[in-house]
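>
Protein chains in written order, with my numbering: chain Z, 7 to 116; chain Y, 69 to 179.
1) Using a beta-carbon distance cut-off of less than 9 Å, what residues from the region 19–35 of chain Z approach chain Y?
2) Are the region 56–67 of chain Z and the region 71–91 of chain Y touching, with three or more C-beta to C-beta distances below 8 Å?
3) Taking the DSSP output, what are the residues bridged to residue 78 of chain Y?
4) Sort out for me which residues DSSP pairs residue 58 of chain Z with in a bridge.
5) Please compile the residues from chain Y whose C-beta is within a distance smaller than 7 Å of the C-beta of residue 106 of chain Z.
6) Quick check on residue 148 of chain Y: buried or exposed, where buried means 16 or more other Cβ atoms within 10 Å of its Cβ?
7) Do residue 110 of chain Z and residue 17 of chain Z have their C-beta atoms closer together than 9 Å?
8) Does the Cβ-Cβ distance between residue 118 of chain Y and residue 139 of chain Y come in under 9 Å?
9) Is residue 145 of chain Y close to the ligand HEM? I mean its beta-carbon at under 8 Å from any heavy atom of the ligand.
10) Considering residue 19 of chain Z, what are the terminal residues of the beta strand (DSSP E) in which it resides?
11) Three-state secondary structure (DSSP) at residue 146 of chain Y?
12) Quick one, which of Y:179, Y:177 and Y:172 has its alpha-carbon nearest residue 90 of chain Y's?
13) Between Y:177, Y:129 and Y:167, which has its C-alpha nearest residue 94 of chain Y's C-alpha?
14) Within 10 Å of its beta-carbon, does residue 108 of chain Y have 16 or more other beta-carbons around it, so buried, or fewer, so exposed?
15) Chain Y beta carbons: is any one of them nearer than 9 Å to that of residue 69 of chain Z?
16) If you follow the beta strand (DSSP E) that residue 94 of chain Z is part of, which residue opens it and which one closes it?
17) Is the Cβ-Cβ distance between residue 106 of chain Z and residue 78 of chain Z less than 9 Å?
18) Within 8 Å, do at least three Cβ pairs link the region 33–40 of chain Z to the region 91–103 of chain Z?
19) Looking only at C-alpha atoms, which of Y:144, Y:169 and Y:155 sits nearest to residue 70 of chain Y?
20) Give every residue of the same chain whose Cβ lies closer than 6 Å to the Cβ of residue 42 of chain Z, excluding the five residues on either side of it in the sequence, and list them in chain order.
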């Protein structure tokens, strides 16, 4: 809901281009996770983040706890990057279930 | 290595029926979650267990939804009685305190 706001809601990319997705948090977030839901519906964990930055191949994610946001950068977008990206916040000093954003649907075209 | 296993993958129920969805978490994971996913509401928490103890129960779902975890390797979600508005994908997930791993979900259709 409003506690985790994702933007944009949808994104169209051409192969080879770069883009960024963002999540803003209105709750005291301790860790952030990013997931990709493929067109078949399977949710795959991309990143687990404490404050800081992680990189995996063409994906890079940052969690800034002081300013309450997280970003996911996609570099050199490929067709297989298409799907819906969700961020999720762990909050209240942990011990609570993740709260999910509403997702960003990414479509990569040739 | 087995991930989170959910059965059945699809379920069709008539309004008023009782249905039970099943989940086996990743072996060794202490945290188990049930979420519901719809296009309008997105991902909503139904229940969260830690070491088989109920930690959170989604407030809007207490009425007809009951999740149980009788042992560390198996959980059920009972919906009784079902209503058409319960049509959704029900996702089970598990964690050992860090990354959360999801099953493929059960798509429930209530007619």
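Note that the Cβ used here is the ideal one computed from N, Cα and C, for glycine as well.
A quick look at the data gives this:
1) Answer in chain order: no residues at all.
2) Short answer: they don't touch.
3) Residue 78 of chain Y is bridged to Y:175.
4) Residue 58 of chain Z is bridged to Z:69.
5) Taking the beta carbon of residue 106 of chain Z as reference, the chain Y residues within 7 Å of it are 110 and 111, listed in sequence order.
6) With fewer than 16 other Cβ atoms inside 10 Å of its own Cβ, residue 148 of chain Y counts as exposed.
7) Contact: yes.
8) It is not a contact, given that the beta carbons lie outside the stated cut-off.
9) Of ligands this structure carries none, so the ligand HEM is not represented either.
10) Element bounds for residue 19 of chain Z: 16–20.
11) Look at residue 146 of chain Y here: in three-state DSSP terms it is strand.
12) If we check each option's Cα against that of residue 90 of chain Y, Y:172 comes out closest.
13) Nearest Cα to residue 94 of chain Y within the set Y:177, Y:129 and Y:167: Y:167.
14) Residue 108 of chain Y comes out exposed.
15) Taking Cβ atoms only, chain Y never reaches closer than 9 Å to residue 69 of chain Z, which makes this a no.
16) Counted as a single uninterrupted DSSP element, the beta strand (DSSP E) harbouring residue 94 of chain Z occupies residues 89–97.
17) At least 9 Å separates the beta-carbon of residue 106 of chain Z from that of residue 78 of chain Z.
18) The count of Cβ pairs closer than 8 Å, one atom from the region 91–103 of chain Z and one from the region 33–40 of chain Z, reaches three, so the stretches are in contact.
19) It is Y:169 whose Cα lies nearest to the Cα of residue 70 of chain Y.
20) Correct list, in chain order: 50, 52, 89 and 91.
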